[in-house]
Amino acid sequence: MTNARSSPTPRHPDTPTPPSGATQIRFERVTKQFDNGEGARPAVDDVSLTIEPGEFVVLIGPSGCGKTTLLKLINRLYDPTSGVVLVDGTPSQDLPGPDLRRHMGYVIQQGGLFPHYTVEKNIAVVPNLLGWEKARTRARVDELLELVGLPPGEYRHRYPSQLSGGQQQRVGIARAVAASPGTLLMDEPFGALDAITRSRLQEELRALTNRLGQTVVFVTHDIDEAVLLADRIAVMREGRVEQYDTPTEIIMRPCNRFVADLVGADDLLRRLSLVGALAAMVPLDSDDGIGEDEITVDVPIRVRHVLSLLLESGAPRVIVRQDGVPVGYLDLPAIQAVSIPHYDGADDALG
Ligand SMILES: Nc1ncnc2c1ncn2[C@@H]1O[C@H](COP(=O)(O)OP(=O)(O)OP(=O)(O)O)[C@@H](O)[C@H]1O
Ligand SMILES: [Mg+2]
1 MTNARSSPTP RHPDTPTPPS GATQIRFERV TKQFDNGEGA RPAVDDVSLT IEPGEFVVLI
61 GPSGCGKTTL LKLINRLYDP TSGVVLVDGT PSQDLPGPDL RRHMGYVIQQ GGLFPHYTVE
121 KNIAVVPNLL GWEKARTRAR VDELLELVGL PPGEYRHRYP SQLSGGQQQR VGIARAVAAS
181 PGTLLMDEPF GALDAITRSR LQEELRALTN RLGQTVVFVT HDIDEAVLLA DRIAVMREGR
241 VEQYDTPTEI IMRPCNRFVA DLVGADDLLR RLSLVGALAA MVPLDSDDGI GEDEITVDVP
301 IRVRHVLSLL LESGAPRVIV RQDGVPVGYL DLPAIQAVSI PHYDGADDAL G
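Residue 320 in the numbering used here sits at position 320 of the sequence shown, with consecutive numbering throughout.
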């Protein structure tokens, strides 16, 4: 068994060590052009983007827009054709790929389990590489199988071919987080899961990454999932990043028609069900008295829920509380303001 500091390839004394904590990932004018013949568009086209340590960033966009390619540029499964990817300030090209990948959990789009390894052995790959004690690894495997809803007694010794697609995906997630890497790259990890398992794992993942302060780059097609999980969302189109912003900004102020359509910003109920009450409320003045029988809600709560309360109760407004303190209110005019799409960009003609 290897120990944490040994490495299969001898390290040159000047080779920088890949970071093991939450990393900053910075794209500087990165282009990735595959050899797809004359006139083919780059898969990633002049992207500049900074992901801060501990940030949860979601990549979203149509099929083929370059999401998977962008992820693989982070852990050096691909290198840029031009531009540079900086990992905590070090150009990725100066970091040995295998080392980098050992410090970044990666859930690939289609399963990607080792077919000749049992579930247990698949999850234990990185802990074994890092030289963990057997007992520690085994405890970790059991803990993670429980976490992803696969009872260890039943699943530990199975092979990937004996699992459903969704179960394989869950093992893939367990494997990626096994050694609590500082950085997680997740390519549509919940794609094959039913709604209930999906929503449970979304909550678990967010709690886990918050607790560990991990940097996460997460790909999805599902805007609801993006809004739920992300600190910031990067909307991609044809290899470029169209908008990189908080979920609320993206929903409230899509920069152009494309982003508005992608996030369903024109669908009133959808906007209301994505925007949080804090983003839409009218702040309370200090001298604004609150009646004893006024309806009160606590954040986080979505505007759509507040609208239902308003309509059911017939009350003129609902008071919004944060940490038990009234901070604002929502009434129909405030909710109407949310429902008017607002573009800063000028390419509305595209729609
Ligand atoms: N290894 C490769 N060789 C050649 N072209 C590739 C390769 N990988 C991706 N591409 C092309 O690069 C573009 C971006 O692909 P990518 O896989 O990054 O898209 P994506 O946004 O992840 O799509 P999806 O949502 O379908 O997974 C596509 O046009 C694709 O055909
Ligand atoms: Mg992809």
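Every residue, glycine too, gets a C-beta built ideally from N, C-alpha and C. All of these numbers come straight from a predicted model, not from anything done at the bench.
**Asked** Under 7 Å from any heavy atom of ligand 1, does the C-beta of F190 make it?
**Response** Start at 1 with the first residue of the sequence shown, and residue 190 comes out as number 190. No - ligand 1 has no heavy atom lying nearer than 7 Å to the Cβ of F190.
**Option in I25, P42 and P300 with minimal Cα separation from V227** = Indexing the sequence shown from 1 puts residue 227 at position 227. Residue P300 is the option with its Cα nearest to V227.
**Prompt:** Whose CA, out of V30, P283 and R102, lies closest to the CA of G131?
**Reply:** Working through the sequence shown from its first residue, we reach residue 131 at position 131. Closest by alpha carbon: R102.
**Asked** Could you give the distance in angstroms between the alpha-carbon of L330 and the alpha-carbon of G276?
**Response** In the sequence shown, residue 330 corresponds to position 330, counting from 1. In the sequence shown, residue 276 corresponds to position 276, counting from 1. Cα-Cα distance, rounded: 11 Å.
**Message:** Which residue wins for smallest C-alpha separation from L150, given the options L129, A124, V119 and L77?
**Reply:** Indexing the sequence shown from 1 puts residue 150 at position 150. Checking every option, the nearest Cα to that of L150 belongs to V119.
**Assumed close pair G165, P42 - CB separation to whole angstroms, cut-off 8 Å** = For the purposes of this step, residue 165 is taken as the residue at position 165 of the sequence shown. For the purposes of this step, residue 42 is taken as the residue at position 42 of the sequence shown. Not quite, the Cβ-Cβ distance comes to about 31 Å (not below 8 Å), so this is no contact.
**Prompt:** Nearest-angstrom Cα distance between L201 and D194?
**Reply:** Position 201 of the sequence shown, counted from the first residue, corresponds to residue 201. Position 194 of the sequence shown, counted from the first residue, corresponds to residue 194. C-alpha separation (whole angstroms): 11 Å.
**Item:** Secondary structure of M364, DSSP reduced to three states
**Value:** What the structure shows of the chain is the stretch from 1 to 351, and residue 364 is not part of that stretch, so it cannot be assessed.
**Prompt:** Roughly how many angstroms lie between the CA atoms of M104 and L145, to the nearest whole one?
**Reply:** Translated into the one-based positions of the sequence shown, residue 104 becomes position 104. Translated into the one-based positions of the sequence shown, residue 145 becomes position 145. Answer to the nearest angstrom: the Cα atoms are 20 Å apart.
**Alpha carbon of I335 to alpha carbon of A280, nearest angstrom** = The sequence position of residue 335 within the sequence shown is 335, counting from 1. The sequence position of residue 280 within the sequence shown is 280, counting from 1. So the two alpha carbons sit approximately 7 Å from each other.
**Prompt:** How long is the line joining the alpha carbons of E55 and D187, rounded to whole angstroms?
**Reply:** Start at 1 with the first residue of the sequence shown, and residue 55 comes out as number 55. Start at 1 with the first residue of the sequence shown, and residue 187 comes out as number 187. Roughly 16 Å between the two C-alpha positions.
**Request:** Within 10 angstroms of the Cβ of P96, are there 16 or more other Cβ atoms? Answer buried if so, exposed if not.
**Result:** For the purposes of this step, residue 96 is taken as residue 96 along the sequence shown, with counting starting at 1. By the neighbour-count rule (16 or more Cβ atoms within 10 Å), P96 is buried.
**Message:** Let me check you understand the geometry: is the CB of T68 closer than 7 Å to at least one non-hydrogen atom of ligand 2?
**Reply:** Residue numbering aside, residue 68 sits at position 68 when the sequence shown is read from its first letter. Within the cutoff, so yes.
**Asked** ligand 1 heavy atoms versus the CB of C65: any closer than 7 Å?
**Response** Locating residue 65 in the sequence shown gives position 65, counting from the first residue. C65: yes, Cβ under 7 Å from ligand 1.
**Prompt:** For F56, which of helix, strand or coil comes out of DSSP?
**Reply:** Along the sequence shown, one-based indexing puts residue 56 at 56. Strand.
**Request:** Report all residues from its chain with a CB closer than 7 Å to the CB of P53; omit the five preceding and five following residues, and keep chain order.
**Result:** Position 53 of the sequence shown, counted from the first residue, corresponds to residue 53. The answer, listed in chain order, is A22, T23, Q24 and T215.
**Message:** With the cut-off set at 8 Å, would you say A176 and Y106 are in Cβ contact?
**Reply:** Numbered from its first residue, the sequence shown carries residue 176 at position 176. Numbered from its first residue, the sequence shown carries residue 106 at position 106. Yes. Within cutoff.
**Asked** Apart from the five residues on each side of it in sequence, which residues of its chain come closer than 6 Å, Cβ to Cβ, to S180?
**Response** As a first step, residue 180 is located in the sequence shown; it is residue number 180 there, counting from the start. Cβ neighbours of S180 beyond the five flanking positions: L212.
**Message:** Restricting to runs no shorter than 4 residues, where is the alpha helix (DSSP H) found entirely within the stretch 38–109?
**Reply:** 67–74 and 97–102
**Asked** CB of D385 to nearest heavy atom of ligand 2: below 7 Å?
**Response** Within the shown structure, residues of the chain are numbered from 1 to 351, placing residue 385 beyond reach of any answer.
**Asked** What residue range is occupied by the uninterrupted alpha helix (DSSP H) comprising D142?
**Response** Residue numbering aside, residue 142 sits at position 142 when the sequence shown is read from its first letter. Unbroken alpha helix (DSSP H) run through D142: K134 to L147.
**Message:** Within a Cβ cutoff of 6 Å, which residues of the same chain sit near Q169, ignoring the five residues on either side of it in sequence?
**Reply:** Along the sequence shown, one-based indexing puts residue 169 at 169. Taking C-beta separations shorter than 6 Å and ignoring five residues to either side along the sequence, the partners of Q169 in its chain run A192, following chain order.
**Asked** How long is the line joining the alpha carbons of S313 and I319, rounded to whole angstroms?
**Response** Here the question's residue 313 lines up with position 313 in the sequence shown. Here the question's residue 319 lines up with position 319 in the sequence shown. Each residue's Cα considered, the two are about 13 Å apart.
**Asked** F27 and V87: beta carbons closer than 8 Å?
**Response** On the sequence shown, residue 27 is found 27 positions in, with the first residue counted as 1. On the sequence shown, residue 87 is found 87 positions in, with the first residue counted as 1. Result no, Cβ atoms of F27 and V87 do not sit closer than 8 Å.
**Asked** Can you name, in chain order, every residue of its own chain whose Cβ lies under 6 Å from the Cβ of R317, other than the five neighbours on each side?
**Response** As a position in the sequence shown, residue 317 is number 317, starting the count at 1. Y329 and D331, listed in sequence order.
**Item:** S48, buried or exposed, once every other Cβ within 10 Å from all chains shown has been counted against 16
**Value:** For the purposes of this step, residue 48 is taken as residue 48 along the sequence shown, with counting starting at 1. Answer is exposed; the Cβ neighbour count stays below 16.
**Request:** For A337, count neighbouring Cβ atoms within 10 angstroms of its own Cβ and tell me buried if that reaches 16, exposed if not.
**Result:** What you label residue 337 is simply residue 337 of the sequence shown in a count that begins at 1. Its Cβ having fewer than 16 others within 10 Å, A337 is exposed.
**Asked** Going by Cα to Cα distance, which pick from V235, A40, R270 and I74 is closest to T90?
**Response** Residue numbering aside, residue 90 sits at position 90 when the sequence shown is read from its first letter. The residue with the shortest Cα to Cα distance from T90 is I74.
**Where L184 falls: helix, strand or coil (DSSP)** = The residue labelled residue 184 in the question sits at position 184 within the sequence shown. Residue state, collapsed to three classes: strand.
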